[in-house]
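Protein chains in written order, with our numbering: chain F, 23 to 206; chain Y, -4 to 158. C-beta: ideal position from N, C-alpha, C; glycine also. Here the structure comes first, spelled out in structure tokens, and everything after it is commentary.
Okay, structure coming up:
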């Protein structure tokens, strides 16, 4: 899905769309993953310093991930319609500087924006490139509710492995060796 | 005394110490859990489709990293001694996915309190740093992350300790 590494544009903000957080989905998520009283019980939450029930920060972040994946699939569809071959996305190695600035409350409409701030070829994974992404989310009052720096993986279109890399790629197809490669 | 009747018997800032370890217990992760979470929040084919996943970088159907973290947060809350008198999370740092969480793996591991300080701006709050080391059933670290979280101070009028 998405574009090939070579075609990905830097520093061009992408609007990922918005999501309205309902009371029901806040409670449903938090009962499973973040069951603190101010995340699951509107009455008890009044005793907290938030003064009412709020979404889990992790929920706000997970919705951002969904918005990003939806954008990648939409881009894939667009490329196929244009008769082009879409690229391949890989799993994320990590995230840093994730902060929750303003609580998200039931009924809040949160807008997500993604910017690819830089990219480079991976040293450890031949044929793949690293993307450095910044995601920002704001509420209906344009207050920042969440931001994070996410690392993404994208396949190289023009990858011509040298002999050493060819051997490494061949070995990675064998499960035992693949596990060895994963160990850092 | 804490003013909050919900959290009055929960662990406050004064009840915790640097180096304290919370065991995350054991959570078995089924295919159904993985697919349910991924279809909501991270619908990449390597989290949903077994055949596709076998050919992918991850080598088989595995959980979304966002799911692994969510399960670790839940395990930390469930296993925190006397529950935490939490004022909410401020944010996460250094989230690293080291190994995939595969179908039927059992996750566990530890959370260590690596730092504690009183809030300079609000004497009612302490800020604790929680280091998550999430492991699979073979004891291999699959994920690391650090959470800064607000915690109620039982006695806000007590002097701020060394910064």
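Asked: When you compare each of F:131, F:156, F:149 and F:71 to residue 190 of chain F by their alpha carbons, which one comes out closest?; Found: F:149
Asked: At 7 Å on the CB atoms, spell out the chain Y contacts of residue 43 of chain F, in chain order.; Found: Chain Y residues near residue 43 of chain F: none, gap ~14 Å exceeds 7 Å.
Asked: Please work out which residues of its chain come closer than 7 Å, Cβ to Cβ, to residue 120 of chain F, disregarding the five sequence neighbours upstream and downstream, and give them in chain order.; Found: 83 and 170
Asked: Where do the N-terminal and C-terminal ends of the alpha helix (DSSP H) with residue 82 of chain F fall, by residue?; Found: 79 to 103
Asked: Report the rounded CA-to-CA distance for residue 114 of chain F versus residue 155 of chain F, giving the unit in angstroms.; Found: 11 Å
Asked: Using 10 angstroms around the beta-carbon of residue 98 of chain F, count the other beta-carbons present and answer buried if the total reaches 16, otherwise exposed.; Found: buried
Asked: Between the alpha carbons of residue 116 of chain Y and residue 122 of chain Y, how many angstroms are there, rounded?; Found: 11 Å
Asked: Just grab the DSSP bridge partners of residue 151 of chain F for me.; Found: F:143 and F:176
Asked: Give the single residue among Y:58, Y:98 and Y:104 whose Cα lies nearest to the Cα of residue 16 of chain Y.; Found: Y:104
Asked: Cutting at 6 Å between CB atoms, please list the residues of its own chain near residue 45 of chain Y, excluding the five before and the five after it.; Found: 56
Asked: Could you tell me the boundaries of the beta strand (DSSP E) in which residue 86 of chain Y lies?; Found: 81 to 92
Asked: In this structure, how does DSSP classify residue 183 of chain F when only helix, strand and coil are distinguished?; Found: coil
Asked: Relative to the alpha-carbon of residue 128 of chain Y, which residue among Y:139, Y:154 and Y:28 has its alpha-carbon at the smallest distance?; Found: Y:139
Asked: Using only CA atoms, which one of Y:99, Y:154 and Y:111 lies nearest to residue 132 of chain Y?; Found: Y:99
Asked: Given residue 93 of chain Y, which residues of its chain have a CB within under 6 Å of its CB, disregarding the five upstream and five downstream residues?; Found: 136 and 137
Asked: Helix, strand or coil for residue 120 of chain Y per DSSP?; Found: strand
Asked: So, helix, strand or coil for residue 132 of chain Y, using DSSP?; Found: coil
Asked: Output the boundary residues of the beta strand (DSSP E) element that contains residue 41 of chain F.; Found: 36 to 42
Asked: Buried or exposed: residue 92 of chain F, going by 16 or more other Cβ atoms within 10 Å of its Cβ?; Found: exposed
Asked: What do you get for residue 89 of chain F, buried or exposed, if any count of 16 or more other CB atoms within 10 angstroms of its CB means buried?; Found: buried
Asked: Mind listing the chain C neighbours of residue 64 of chain Y? Cutoff is C-beta to C-beta under 8 Å, in chain order.; Found: The structure shown contains no chain C; its protein chains are F and Y.
Asked: Determine which residues of the stretch 106 to 133 of chain F have a Cβ less than 8 Å from any Cβ of chain Y, and write them out in chain order.; Found: 111, 112, 113, 114, 115, 116, 117, 118, 119, 120, 121, 122 and 125
Asked: Please confirm if residue 89 of chain Y has its CB atom under 8 Å from at least one CB of chain F.; Found: yes
Asked: Counting contacts by CB-CB distance shorter than 8 Å, is residue 82 of chain Y in contact with chain F?; Found: yes
Asked: Can you list the residues of chain Y that residue 91 of chain F reaches, using a CB-CB cut of under 9 Å?; Found: 36, 37, 38 and 39
Asked: Quick one: does residue 58 of chain F have its CB under 8 Å from some CB of chain Y?; Found: yes
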